[in-house]
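Participant:
Chains as they are written, first to last, in my numbering: chain Y, 1 to 137; chain G, 138 to 863.
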């Protein structure tokens, strides 16, 4: 079975380092692709499902505050796609502000992960995933 | 203010003058008074004349009656004398005494001829024949004497006289001794007529009152026409003596006579009723007459005048009564006119007083109207604007004169449009008067007024209806609210600006803290990783540095969180569910890490108080956290309790910590203020500022009661109405 691929959409380098470190601590060494903003992420995510060449991530970790196109805008753009590839989106958020939750909820995100508590958040998020998609350590 | 209503003072003055002049005594009043006075006077005069006429008639009647009676009586006596003469002619001459007596007795002098003293015969004897005569006479009466002596050539003795007893003194009396007697005797002889003497006193009258003799001559048979014939054929006289008093007594009614009489003969009083004392004669007789009558050769002057009896009889009050009643009526008429004029004057005065009072009232109302700052208009649908005060002039620019009588719509030409502005479904063309009236009358509405110069001004009008007898009058209060509207607009803009700037600030704070948090987190992570990865190899000093770094990072994070919270403190909390205060507190307590040794007491008084979570949750959290954090001992006691009044709850948070000096009681509520250094006590210094801001949002507030070494008590006042707000 093909291992899960991750796409982290994160503009901040240190936050990115933080994600990789958390993965390491969770003993997940699946590949993490990175997009530095919504536009890059869109390019990656927009290719249609049946295109074998495209690199479709299975799980997207989406930061909300990014330049050029932020998280919400990306979600909006993605929702307009006709053929949506099958991926799950987890929002990376610095606050548990209700506003953000509400606004992103309508795009069908799978969960919210606090950046302050990345380890715990990721752990919880991944444990919710289907068992058969569980990664190999 | 001018108005064209019913009370016009000029009209009143005219009416008043009419009334006043109507109430005065005018020419026709005087005419009536004078006419009635004249009527009275003429009635009186007529009556008086009548009276006087009657009186005069009466008097004349009486007087003439009197005279008639006397003359009649005299003629009666004359007849008696002629009867005597006839007797003498029948008998032989000379007549004997007996014959004469028989005659006189048969005649019944006393009864038939009252007043006559007697009746007798007087002979005429020439002096030379006297002795012969005496001798002849003495044959019948032997002591017959003729006396007194005189020098006349003739002797005229009374030869017979009956009744003899009373007249004895006259027998033989020679009447020639006295001129009156003689003269009349001779006249009788010469004229052949009965004659009387002038006033004499009879010898037989002891009282010597006036009297006279009445003669009738006796001739030989035949008709003698000349004096000479008469003298030649003269025989003797029949005579009667009269005492006037007796004559009058016998002739006149002594009682009940209305006139008094005085009879004089050539000035000599024969009979006088007038001068007599105690008589009925009137000193001032009403009427009197003097008549002189030929009485048998003498001139008797009859002096007749009314006596007291006449006065009594003619006492006639009629004229006086007529006069008095006439004058009384006169007086009544004058009194009536006077009363009428007085009543009129009083009525006019009353009206004056009323008008005066009314004027005072009217002035007061005028003053009120003119001093009002709001415009006050009276108008009706037919005659337009009736009343227009000073404030209106300022508001609209028109003077009162210019606008009175004009229609209401001149001042408010856009009422339909104004109505439609507030009732968007309505169309100006379809708006009826009824709809408009219902909209305006009895309400306060914002409308567009138009000034004289055409300028449109936003005004607020309140129209009320006044029912004045049968008319419908509208009272409009007008306010120029353009300034108010401007102020409202400015205020609205200010509020909008404020809201905007608040939002901006909050947004700024939010964004700032967010964007500040991001690199801070990065620093923290890098620091952490350094600690984790390179930490074990570091020396103590470097370890310490890293440690401090992380501490400062935490602090900064804390500050940023606090700032974030503070900036969001104005957000509305939409949660509607309520919990009991005690439950809320218990949750807060459990969430906080209360060190062992600290007792946190939640009083029962909090059980019944139901509140929403936010913002009090944050408030209690901060206060509890402070109480623990700033306690100076390892053991402490913190108490929560509450009370309430009509308008609010009071929550008390009491600790037995170090207390706060009163000089810091204000400072502690400021942003970023700590009383201890942050190295001593970690804290952003925002906790109380945040609490204060949140409470203020809901009209609550926080107070501190504390002193150094005496613990601290915070009182949070939470208005009850805040819980009802959403």
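Glycine included, each C-beta is placed from N, C-alpha and C at the ideal position.
1) Just to confirm the assignment, what range does the alpha helix (DSSP H) spanning residue 164(G) have?
2) Considering residue 704(G), what are the terminal residues of the alpha helix (DSSP H) in which it resides?
3) Give a yes or no on contact between the region 404–414 of chain G and the region 293–302 of chain G, applying the rule of three or more CB pairs nearer than 8 Å.
4) In its own chain, which residues sit with a C-beta less than 8 Å from the C-beta of residue 79(Y), not counting the 5 before and 5 after it?
5) By DSSP, does residue 348(G) sit in helix, in strand, or in coil?
6) Which residue comes first and which comes last in the alpha helix (DSSP H) that contains residue 638(G)?
7) If you draw a straight line from the C-alpha of residue 39(Y) to the C-alpha of residue 673(G), how long is it?
8) Taking the continuous alpha helix (DSSP H) assigned at residue 717(G), which residues delimit it?
9) What's the call for residue 699(G), buried or exposed, on a 16-neighbour Cβ count within 10 Å?
10) Using beta carbons (cut-off 7 Å, strictly below), is residue 9(Y) in contact with chain G?
11) Rounded to the nearest angstrom, what separates residue 367(G) and residue 320(G) at their Cα positions?
12) With respect to the beta strand (DSSP E) encompassing residue 293(G), which residues constitute its N-terminal and C-terminal limits?
13) Which same chain residues, not among the five before or five after residue 855(G), have their C-beta less than 8 Å away from its C-beta?
14) Note down, in chain order, each residue of its chain lying with its Cβ closer than 6 Å to the Cβ of residue 654(G), except the 5 sequence neighbours on either side.
15) Determine, for residue 93(Y), whether the minimum Cβ-Cβ distance to residues of chain G falls below 7 Å.
16) Is residue 583(G) helix, strand or coil by DSSP?
17) Which whole runs of the beta strand (DSSP E) in the region 383–442 of chain G are 3 residues long or more, in chain order?
18) Can you grab the Cα-Cα spacing for the pair residue 200(G) / residue 393(G), in whole Å?
19) Fully enclosed by the region 258–343 of chain G, which alpha helix (DSSP H) runs are 4 residues long or longer?
20) Among 184(G), 459(G), 526(G) and 601(G), which has the Cα closest to the Cα of residue 502(G)?
21) Which chain Y residues are close to residue 658(G), counting only those with a beta carbon under 9 Å from its beta carbon?
22) Hey, would you say residue 251(G) sits closer than 7 Å to residue 348(G), going by beta carbons?
23) Which class does residue 855(G) belong to by DSSP, given the choice of helix, strand or coil?
24) Who are the near neighbours of residue 137(Y) in its chain, counting only those whose CB is closer than 8 Å to its CB and skipping five residues on each side?
25) Along the region 617–643 of chain G, what residues have a CB closer than 7 Å to any CB found in chain Y?
26) Would residue 412(G) be called buried (16 or more neighbouring beta carbons within 10 Å of its own) or exposed?
27) Can the beta-carbon of residue 258(G) be found less than 7 Å from the beta-carbon of residue 375(G)?
28) Starting from the C-beta of residue 576(G), find all residues in its chain whose C-beta is less than 6 Å away, skip the five residues before and the five after it, and write them out in chain order.
29) Taking residue 618(G) as the reference, which of 582(G), 370(G) and 607(G) has the closest Cα?
30) Please report the residue range of the alpha helix (DSSP H) in which residue 758(G) lies.
31) Go through its chain and collect everything with a Cβ distance to residue 141(G)'s Cβ below 8 Å, but skip five positions before and after it.
32) What does residue 655(G) touch in chain Y if you count any residue whose Cβ is under 8 Å from its own?
33) Taking 6 Å as the limit between beta carbons, can you name the residues of its chain near residue 19(Y), skipping five residues before and five after?
34) Can you list, in chain order, the residues of its chain whose CB lies under 6 Å from that of residue 819(G), leaving out five sequence neighbours each side?
35) Mapping the DSSP letters down to three states, classify residue 612(G) as helix, strand or coil.
36) Which same chain residues end up closer than 6 Å to residue 332(G) when comparing Cβ atoms and leaving out the 5 residues on each side of it in sequence?
Facilitator: In terms of the structure at hand:
1) 164–227
2) 677–705
3) no
4) 107
5) strand
6) 619–671
7) 42 Å
8) No alpha helix (DSSP H) contains residue 717(G), which is instead part of the beta strand (DSSP E) from 715–717.
9) buried
10) no
11) 16 Å
12) Counting along the chain, residue 293(G) falls outside any beta strand (DSSP E), and DSSP gives it neither H nor E.
13) 748, 753, 785, 786, 787, 788, 832, 835 and 837
14) 697
15) no
16) strand
17) 396–402, 405–409 and 425–432
18) 13 Å
19) 267–275, 301–304 and 316–328
20) 526(G)
21) 12, 14, 15, 18, 94, 115 and 116
22) no
23) strand
24) Its pLDDT being 38, under 50, residue 137(Y) is placed unreliably by the model, and nothing is read from it.
25) none
26) exposed
27) yes
28) 556
29) 582(G)
30) 753–766
31) In this prediction, residue 141(G) scores a pLDDT of 45, lower than 50, which makes its location untrustworthy; no coordinate-derived value is stated.
32) 12, 15, 65 and 94
33) 8
34) none
35) strand
36) 321, 324, 325, 352, 433 and 434
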